[in-house]
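Protein chains in written order, with the numbering used here: chain A, 56 to 399; chain B, 56 to 399; chain C, 56 to 399; chain D, 56 to 399.
For each residue, glycine too, the CB sits at the ideal point set by N, CA and C.
Treat the numbers as computed from the prediction; the structure is a model and nothing was measured.
Inspection log for the structure reproduced underneath, given as structure tokens.
There are 4 protein chains.
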Amino acid sequence: MLVVMQATASAVDIERVCTAISDMGYQPLPMPGAQRTTVGLIGNDRRVDGSHIEALPGVAEIIYVSSPFKQVSREWREANTQVTIAPGVTFGGSDVPVIAGPCSVESEAQIMAAAQLVRAAGAVALRGGAFKPRSSPYSFQGLGKDGLVLLQRAKAETGLAIVTEAMDDEGAHWVAEYADCIQIGARNMQNYSLLKTVGKLRKPILLKRGMAATVQELLLSAEYILAEGNDQVILCERGVRTWDPSSRNMFDLSAIPAVQKLSHLPIIADPSHGTGVRDRVRPMARAAVAAGADGLIIEVHPDPNKALSDGAQSLFPQQFSALMQELVPIANAIGRRMPTLAAR
Amino acid sequence: MLVVMQATASAVDIERVCTAISDMGYQPLPMPGAQRTTVGLIGNDRRVDGSHIEALPGVAEIIYVSSPFKQVSREWREANTQVTIAPGVTFGGSDVPVIAGPCSVESEAQIMAAAQLVRAAGAVALRGGAFKPRSSPYSFQGLGKDGLVLLQRAKAETGLAIVTEAMDDEGAHWVAEYADCIQIGARNMQNYSLLKTVGKLRKPILLKRGMAATVQELLLSAEYILAEGNDQVILCERGVRTWDPSSRNMFDLSAIPAVQKLSHLPIIADPSHGTGVRDRVRPMARAAVAAGADGLIIEVHPDPNKALSDGAQSLFPQQFSALMQELVPIANAIGRRMPTLAAR
Amino acid sequence: MLVVMQATASAVDIERVCTAISDMGYQPLPMPGAQRTTVGLIGNDRRVDGSHIEALPGVAEIIYVSSPFKQVSREWREANTQVTIAPGVTFGGSDVPVIAGPCSVESEAQIMAAAQLVRAAGAVALRGGAFKPRSSPYSFQGLGKDGLVLLQRAKAETGLAIVTEAMDDEGAHWVAEYADCIQIGARNMQNYSLLKTVGKLRKPILLKRGMAATVQELLLSAEYILAEGNDQVILCERGVRTWDPSSRNMFDLSAIPAVQKLSHLPIIADPSHGTGVRDRVRPMARAAVAAGADGLIIEVHPDPNKALSDGAQSLFPQQFSALMQELVPIANAIGRRMPTLAAR
Amino acid sequence: MLVVMQATASAVDIERVCTAISDMGYQPLPMPGAQRTTVGLIGNDRRVDGSHIEALPGVAEIIYVSSPFKQVSREWREANTQVTIAPGVTFGGSDVPVIAGPCSVESEAQIMAAAQLVRAAGAVALRGGAFKPRSSPYSFQGLGKDGLVLLQRAKAETGLAIVTEAMDDEGAHWVAEYADCIQIGARNMQNYSLLKTVGKLRKPILLKRGMAATVQELLLSAEYILAEGNDQVILCERGVRTWDPSSRNMFDLSAIPAVQKLSHLPIIADPSHGTGVRDRVRPMARAAVAAGADGLIIEVHPDPNKALSDGAQSLFPQQFSALMQELVPIANAIGRRMPTLAAR
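Set out below in structure tokens:
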């Protein structure tokens, strides 16, 4: 921690800051500059809360130089963490697995059709919401536990791994029972009680970036899960709030190299929510792989014109299939591989 | 709902959209323009999900003209809802009650000192976190249930109403038992499971605006609570995400008249989180009252330099007291009143 | 300047940074921490460009502790700068002058009517665009030099000071000849050639904050003007880009205390552009005065329903007049005064 | 244009809106809905300014359905515009030309070394600022006209096309004389006087997106240039303002497909400014090509550690060379080609 003094700070002000640092049990190191003095704090092992020092007379700013995260950081573990959610479906290695399927599970016919078509096109996992967080209480809220049963049936039929969202403690236990990976949605990224709950489960977690979360906040939320003993966490960039009405969200692909530098955890990309517009899903899915994403999650619907939610951003089956073909040479160009499931 | 066609849309494209609208059970009304055609949808009683129409060939854009909210809107109830959290503490009328106190309950001595000083200065309710949502799992997380007991003791001593945060279902039940108003924090504004839980409780709710929530999203989150039968909801502007590093948040005071036009619910302002910098709390608290806020919530600490959290934005006792004096003529200038508790 | 090293940086990495600092002519001061080392740079008198050091192996981050501005800062000049644009119209003292008038000068009848009504209500200066920066090349671009002549006539008739925008060098010279204060609009806040031009003129400048400019960038743009010898600069908060579609801009009133702490220059507020919605102008104008703004600039039109531009945010004459009455007790509550022109 | 009425609007309110539309010379078409009425305006040929209608009693909102742009839109010209800045250097076709070089021209030795190394690696055009827009008036402002002479010398030596920025009218004429393409920087994207000036020149223009410009605003600024008769415009995504301190800007790659859908003009990407961090330039340059960018502009310096500006985001020569190799298979995967200059 560094305490930057105002140019007009007096010797007494600087002394007062040094005393406050000593009182906290650390050693102060004043460093006079031509324009202003900075006081360092020696001996802290992790982030110190210096907000009360910020309040002392003559203090301009507090700067934290220690990283606020611990177990999620590359400094804690240098090699990539590989998260295997089902046999042959590993995130964080050289494979770039694709999770695909509809926004919501709507019916047995719909989810079976979706599962078969995404598997045929090369996806290795199936997405589909049973519990749906909707902005309005009057929108379709998902089939709930019945949706989980249908997802399990789709898995039995196709061999696809299942990824689906949980919105609360009870839901998390249900999802853990029926699925291979528990998704925590953007709106719950800072629902710390839920993060602690899933940190205690022994299931892989897909943690989506919040609507306006910084990369640091995303990593701190992951830290909540690791701190409970679960290091099987896959992060996900899914677009963030934008002031540009031409897009539903702003797809922040540079978060991918940013996270990969700071953390050993895998990070995948969701070009469907990331753009919110079907025409942009295909170019941005390609861009995500070229940027080094450790996987993709894509909305595909057997008949998007009849979808109960997110129809406008769901790919048509043939669009998804064409996209999967395009991704192969791009992955290969950077030394990676698009995995497929063995024939059954 | 209006479907705007591309300038290049063919007659067949327009016909297809009309058919889709008929299939949904509504009546289509095409409206040709010089540049492009718009198709209206007649007969919808509430928001229709037209995302699959957005996907049809020749469609440029879908525009929703129905308001997505119902019970929270002024069209549903024209007069202001008044929320009384304790005798003499009413939000939504001509009073402008002030809730004040420390960020966290730290000890009996601290919370008692805080309660006495804010009451003496003119506050009518006490804030103080027992359950603290912290970005890092390694930061102080609050005293939990013990903190609630201390708050109750402070109430017994001073007569101040108690406002404190709940982060999950279990916490909500505890807070409902010990406090007068349950706060839902910014990070949980879209935790729909928690919103449903507190919607079923018969306690006033203070719902803070999410970090990057639009006014519409804030109102839709309130709608979740009202839809469960609880209309005792106070909204709160507390600053939103900003790209300007000179401020912790951007305090969006114009959300106050914006909400008051759309909804009958009261809205208060939190200049402490709204700015994150002590020096700005006083001018911005004044500004909030002048803008028509229905109340204030302010961080004050008996000794901010020793606060366990948010020290840099907590007011010193004498600053708070001076601010309370300044607010009286401003409230009066717009026909409102700063209430105080009767002497005990 | 401080160079924060990565936790994994080697002694060689640290040594390399020290050498680079020495090569720049400064003295390096390494400060080992428990987690990572920070290297300070001693002896710099103003901001050093350390971007090439950021690139050295083992460097995590560069932190600048010197303020990047000079003549605009309170450290350069402690007392407020007072800018008098005409007799009795001074920004930066205890007065809170109001500049009011239409978005554009449209005709002699319109600007004369506007001038008379704003003067009668208590404004001391007249605004009105002759050169209009419009997003579309096909929108009304203003009357140009003819508009300046009409403004001058309005001044002769009413005694109001004239504030109007210049968009380029030639326009700046014309405005300097006909008006009392040259406005630089938000879109040109970083048009450095224009800033240098008006820095050489001997006229007061009203510099509006750019659409997404930080407080620091606003002050650096003002620094361009002062660096050319013109310290008669009034800053203006006019709302910034927002992701909330409920508002045209987000009115960042906390920029007012933020600027006043960092700089001696006066800062006024523009609630008309700041909100973009007529109903919010009145509460937010009150809020700006309560927050300590050194003046206001407000759009008023004799007949907003017929305005050629910005009709929806222009006040009706009677609304403006009511607002001016409301502002008096608010200004007085914080020890300030709403000035008026002497009767003629 | 559509006028959405409030649910509470009276028949008189609706009639008043219809009259206002008739007064403007158009035909009103009321469309009653279950919840509220919408009034359409028939017969407008281009964007109408309805802001004064927004002000009428009972009006909730004005919605513009006509596109505000004309010559830049795909509806105006369906096929891609190809912009050739020099023989063999064409943007908007199947080629993906790369413009590379240092942030600033610093010396003859530096720019010659830069030109040779970027040409050897496969770039077809040289960038390098002679006129530099810097946030601070005290930063290095470029070599000015001398820099242009050096760029011309580099062209003579290597055959690379020259792209460099102009900041004002006088500079634009100089750049037009010495270079192949005039860059308008982000800070001047809405400097309409400068846009009109370069619209009258017969030189290709590279127009960079403003710091917080929407896609629509970028296209409207291009419209200013086309409206003056110059359709040789290349757009450029260069990152936009972000609230995430982990990045200098947010690189909005989805603007590429968004622009390509709306406009026939080519759009390139600048991953150097787009990310501001050297480590992210390589993955994001690959991502830009995969997303369909019509070209790239990249900062490369012979010795980034000694750069006078932007050192931290400039690639080292060998990094640039490795990147150029990686781009070939990615371009090929989507049917495009990385062009190179013929040997000399």
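(message) Let me see if you follow: with CB-CB separation under 7 Å, is L320(D) close to chain B or not?
(response) no
(request) Taking 7 Å as the cut-off, decide whether the C-beta atoms of V344(C) and L370(C) are in contact. (result) no
(request) Could you please give me the residues that DSSP links to R91(C) through a beta bridge? (result) In the DSSP output, where bridge partners are listed per residue, R91(C) has none listed.
(request) Could you list which residues in chain D have their beta carbon closer than 9 Å to that of E220(C), in chain order? (result) Ordered by position in chain D, no residue passes the 9 Å Cβ test against E220(C), which lies about 12 Å from the chain.
(message) Going by the DSSP bridge assignment, what does R182(B) pair with across the sheet?
(response) V218(B)
(message) I'd like to know whether the C-beta of P300(B) is nearer than 7 Å to at least one C-beta of chain A.
(response) no
(request) Would you mind giving the Cβ-Cβ distance between L249(B) and A227(B), rounded to the nearest angstrom? I have them listed as a contact below 8 Å. (result) 7 Å
(message) Just to make sure I have the definition right: I need the residues of chain A whose C-beta is within less than 8 Å of the C-beta of Y31(B). Which are they?
(response) The question about residue 31(B) has no answer, for chain B in this structure spans 56 to 399.
(message) In whole angstroms, give me the CA-to-CA distance for E272(A) and E109(C).
(response) 23 Å
(request) Compare the C-beta of L84(B) with all C-beta atoms of chain D and state if any pair is closer than 7 Å. (result) yes
(message) Cutting at 6 Å between CB atoms, please list the residues of its own chain near G240(A), excluding the five before and the five after it.
(response) P188, E220 and K263
(request) Show which residues of chain C have a CB atom less than 8 Å away from the CB atom of H107(D). (result) P359, N360, K361, A362, G366 and A367
(request) Just the C-alpha distance for E278(D) and S302(D), rounded to the nearest angstrom, thanks. (result) 31 Å
(message) Could you give the first and the last residue of the continuous alpha helix (DSSP H) run that contains L172(D)?
(response) E163 to A176
(message) Please classify E161(D) as buried or exposed, where buried requires at least 16 neighbouring CB atoms within 10 angstroms.
(response) buried
(request) Answer with yes or no whether the minimum CB distance from S327(D) to chain A is below 7 Å. (result) no
(request) Could you pull the start and end residues of the beta strand (DSSP E) that V295(D) belongs to? (result) Premise fails: V295(D) is in no beta strand (DSSP E) and is neither H nor E.
(request) Could you check which residue in I217(A), P394(A) and I280(A) has the C-alpha nearest to that of Y247(A)? (result) I280(A)
(message) Quick check: the Cα distance between A141(A) and G214(A), rounded to an integer number of angstroms?
(response) 9 Å
(message) As a quick exercise: from P83(B), L290(B), G183(B) and K125(B), pick the residue whose alpha carbon is nearest that of G105(B).
(response) P83(B)
(message) Within 8 Å, do at least three Cβ pairs link the region 150–161 of chain A to the region 346–363 of chain A?
(response) yes
(request) Identify the contact partners of D223(B) in chain A, using a Cβ-Cβ distance below 7 Å as the criterion. (result) S248
(message) Within a Cβ cutoff of 8 Å, which residues of the same chain sit near L206(D), ignoring the five residues on either side of it in sequence?
(response) V160, I166, L181, G183, A185, I217, T219, Y233 and A234
(message) Just to confirm, is the Cβ distance from P338(C) to P338(B) under 7 Å?
(response) no
(request) Measure from the C-beta of S159(D) to each C-beta in chain C and report whether the shortest distance is under 7 Å. (result) no
(request) Using alpha carbons as the reference points, say which of D325(B), L320(B) and A348(B) lies closest to R129(B). (result) L320(B)
(request) Could you have a look at A324(A) and say whether DSSP puts it in helix, strand or coil? (result) strand
(request) Output, in chain order, the set of chain D residues within a Cβ distance shorter than 9 Å of L111(C). (result) N360
(request) Pick helix, strand or coil for Q238(C), following the three-state DSSP scheme. (result) strand
(message) So if I threshold CB-CB distances at 8 Å, which residues from the region 123–144 of chain A count as touching chain E?
(response) Among the chains of the structure shown, chain E does not appear; the protein chains present are A, B, C and D.
(request) Within its chain, find whatever has a CB closer than 8 Å to the CB of I69(A); leave out the 5 residues flanking it on each side and keep chain order. (result) M60, P85, T92, V94 and G113
(request) Check whether the Cβ of A62(C) lies closer than 7 Å to any Cβ atom in chain A. (result) yes
(message) Between which two residues does the alpha helix (DSSP H) holding G226(C) run?
(response) D224 to Y233
(request) Determine which residues share a DSSP beta bridge with K263(A) and list them. (result) C291(A)
(request) Leaving aside the five residues before and after M393(C) along the sequence, list all residues of the same chain whose C-beta is less than 6 Å from its C-beta, in chain order. (result) V151, L382, V383 and A386
(request) Let me know the secondary structure DSSP gives F375(D) once reduced to three states. (result) helix
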